[in-house]
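Chains as they are written, first to last, in this note's numbering: chain E, 107 to 327; chain S, 107 to 327.
Protein chains: 2
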Amino acid sequence: MKIKLGEKILGRNEQFALQNRRLLRGRGILCLNVISSPGSGKTTLLARTVEDLKGKLRCGVIEGDIKTDLDAVRIRAAGAPAVQIQTEGACHLSAQQVSRALSELPLESLDVVFIENVGNLVCPSAFDLGEDARAVLLSIPEGDDKPAKYPATFAGASVVLINKIDLLEYIPFDIDRALKDLRSVNPDASAFQVSVVRGDGMQTWYDWLFARRDSVADLKI
Amino acid sequence: MKIKLGEKILGRNEQFALQNRRLLRGRGILCLNVISSPGSGKTTLLARTVEDLKGKLRCGVIEGDIKTDLDAVRIRAAGAPAVQIQTEGACHLSAQQVSRALSELPLESLDVVFIENVGNLVCPSAFDLGEDARAVLLSIPEGDDKPAKYPATFAGASVVLINKIDLLEYIPFDIDRALKDLRSVNPDASAFQVSVVRGDGMQTWYDWLFARRDSVADLKI
Numbered sequence: 107m108k109i110k111l112g113e114k115i116l117g118r119n120e121q122f123a124l125q126n127r128r129l130l131r132g133r134g135i136l137c138l139n140v141i142s143s144p145g146s147g148k149t150t151l152l153a154r155t156v157e158d159l160k161g162k163l164r165c166g167v168i169e170g171d172i173k174t175d176l177d178a179v180r181i182r183a184a185g186a187p188a189v190q191i192q193t194e195g196a197c198h199l200s201a202q203q204v205s206r207a208l209s210e211l212p213l214e215s216l217d218v219v220f221i222e223n224v225g226n227l228v229c230p231s232a233f234d235l236g237e238d239a240r241a242v243l244l245s246i247p248e249g250d251d252k253p254a255k256y257p258a259t260f261a262g263a264s265v266v267l268i269n270k271i272d273l274l275e276y277i278p279f280d281i282d283r284a285l286k287d288l289r290s291v292n293p294d295a296s297a298f299q300v301s302v303v304r305g306d307g308m309q310t311w312y313d314w315l316f317a318r319r320d321s322v323a324d325l326k327i
Numbered sequence: 107m108k109i110k111l112g113e114k115i116l117g118r119n120e121q122f123a124l125q126n127r128r129l130l131r132g133r134g135i136l137c138l139n140v141i142s143s144p145g146s147g148k149t150t151l152l153a154r155t156v157e158d159l160k161g162k163l164r165c166g167v168i169e170g171d172i173k174t175d176l177d178a179v180r181i182r183a184a185g186a187p188a189v190q191i192q193t194e195g196a197c198h199l200s201a202q203q204v205s206r207a208l209s210e211l212p213l214e215s216l217d218v219v220f221i222e223n224v225g226n227l228v229c230p231s232a233f234d235l236g237e238d239a240r241a242v243l244l245s246i247p248e249g250d251d252k253p254a255k256y257p258a259t260f261a262g263a264s265v266v267l268i269n270k271i272d273l274l275e276y277i278p279f280d281i282d283r284a285l286k287d288l289r290s291v292n293p294d295a296s297a298f299q300v301s302v303v304r305g306d307g308m309q310t311w312y313d314w315l316f317a318r319r320d321s322v323a324d325l326k327i
């Protein structure tokens, strides 16, 4: 007797992912799964996006962390509804956890739901949460070799934000090398150089966000 | 019929971990499992340690990455034998992979074996590799909230290196907060503030390393 446990678990996750995707598509809501190493700037990106787009794009956020609700508190302070998931040890969010969190968000008044995954450049890439697209962050201090060393995560991204470019004057980082390695695993992703803290490049990110949101809203059932 | 698959897998890993520990203890070799987020400075720390301690401490390195042998190449350039493990997607090293890599290192001429785990602040903490102790790196750009958000990894550390303190003048990071959160999950770990690139604090790390090595050498069977 063979038990294909891996398949079974993924099957369950995929069922919830499908359900989440249907729920959000049905309402014309864009859903982004935001993935990066710890400390690349995911929460700072989302808090600034919420603030800058106030009155233009209604954002809701699901925060994934192993422990603490620090990130949800930051997002609420920026002015958006946020639900914190504490995974209590698990290294990624599951579609089932996201399903529960979605029921706590005021979907009727949202254009976009951001899901900030657990800080981990590896495991989250294997779990579909029902998102429309994935945004992967890579920050300058992490080093330009990361697209080559973590190919699966970068291959799954629709948009890659190279963040903390304000630190380029203090830290060696070869942008051309990072982009070349990104292109070798993912020729199609949009790639933007940003400094969330200083504001560089944020408009390119917002333009991408509005265009993507429009394409999802067009699909509304 | 109940199949406890999780237990079985861990059991197998623990068997190899025990075997690795016996092999290294029998030779009086200190073995450190080095864990951190991607880009915290693990390889740079090990390359500098190898260079600075040349003639004083004979180091060998096992490099774990999902893809590429970039890190083993860097360690060999620094002057130490290095074996690269490419996990091809897996988010952590296993004791079995380490067992195979140990057979490729010249153990008879080593004092210390460093195992650089896959860049991941979560999953590696659950897998014993047969090490004597764990070194966890946290770098300034990752943020001072990481010990609170990733408690299991910090709880398992014997030594914590807060790296890239040369960036403290450009990036906000509350060292007292990080240390307080570290102490709340791990009152016993040694904690050092270092800049591997600039050299700050490296002597405290080397002193720790020699003391730990002496205590392991005393246990030699």
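Heads up, the beta-carbon is just placed ideally off N, CA and C, and yes, glycines get one too. The model shown is predicted, which means the values in this text are computed figures rather than measured ones.
- For Asp320/S, the closest Cβ of chain E is not nearer than 8 Å.
- Contact annotation: Pro144/E and Leu273/S have beta-carbon atoms that are not nearer than 8 Å.
- Going by C-alpha positions, Val218/S is about 58 Å away from Arg133/E.
- Ile135/E and Leu152/E have their alpha carbons spaced roughly 17 Å apart.
- Within the stretch 148-175 of chain S, those residues whose Cβ lies closer than 7 Å to any Cβ of chain E are, in chain order, Asp171, Ile172, Lys173, Thr174.
- Each residue's CA atom was taken as its position, placing Asp158/E and Phe316/E some 13 Å apart.
- Here Gly147/E has Leu243, Ser245, Asn269, Lys270, Val302 as same chain residues with Cβ atoms under 7 Å from its own Cβ, once five neighbours each way along the sequence are excluded.
- CA-to-CA, the gap between Ala123/E and Asn223/E works out to about 14 Å.
- As a beta-bridge residue in DSSP terms, Arg240/E pairs with Asn139/E.
- If you look at Val156/S, you'll find it in the alpha helix (DSSP H) that goes 148-158.
- What Cys229/S touches in chain E, judged by beta-carbon distance under 7 Å, is Cys197, Cys229, going in chain order.
- Of Asp294/S, Glu169/S, Ile277/S, Asp234/S, the smallest CA-CA separation from Ala201/S is found for Asp234/S.
- A Cβ-Cβ separation of about 6 Å places Glu237/S in contact with Leu138/S under the 8 Å criterion.
- Contact of Ser143/S with chain E is assigned, a C-beta pair being separated by under 8 Å.
- Under the Cβ distance rule, Asp251/E counts among the residues neighbouring chain S, one pair being separated by less than 8 Å.
- By DSSP's assignment, Glu120/S forms no beta bridge with any residue.
- Under the three-state reduction of DSSP, Ala188/S is assigned to strand.
- Judged by DSSP in its simplified three-state form, Phe220/E adopts strand.
- Exposure of Gly161/S is indicated by the presence of fewer than 16 other C-beta atoms within 10 angstroms of its C-beta.
- When DSSP states are grouped into helix, strand and coil, Asp324/E belongs to the helix group.
- Taking all protein chains shown into account, Gly170/S has 16 or more neighbouring C-beta atoms within 10 Å of its C-beta and is therefore buried.
- Counting only residues of its own chain and dropping the five nearest sequence neighbours on each side, Val291/S has a CB closer than 6 Å to the CB of Pro257, Phe260, Ala261.
- Straight-line spacing of the CA atoms in Ser231/E and Ser142/E works out to 10 Å.
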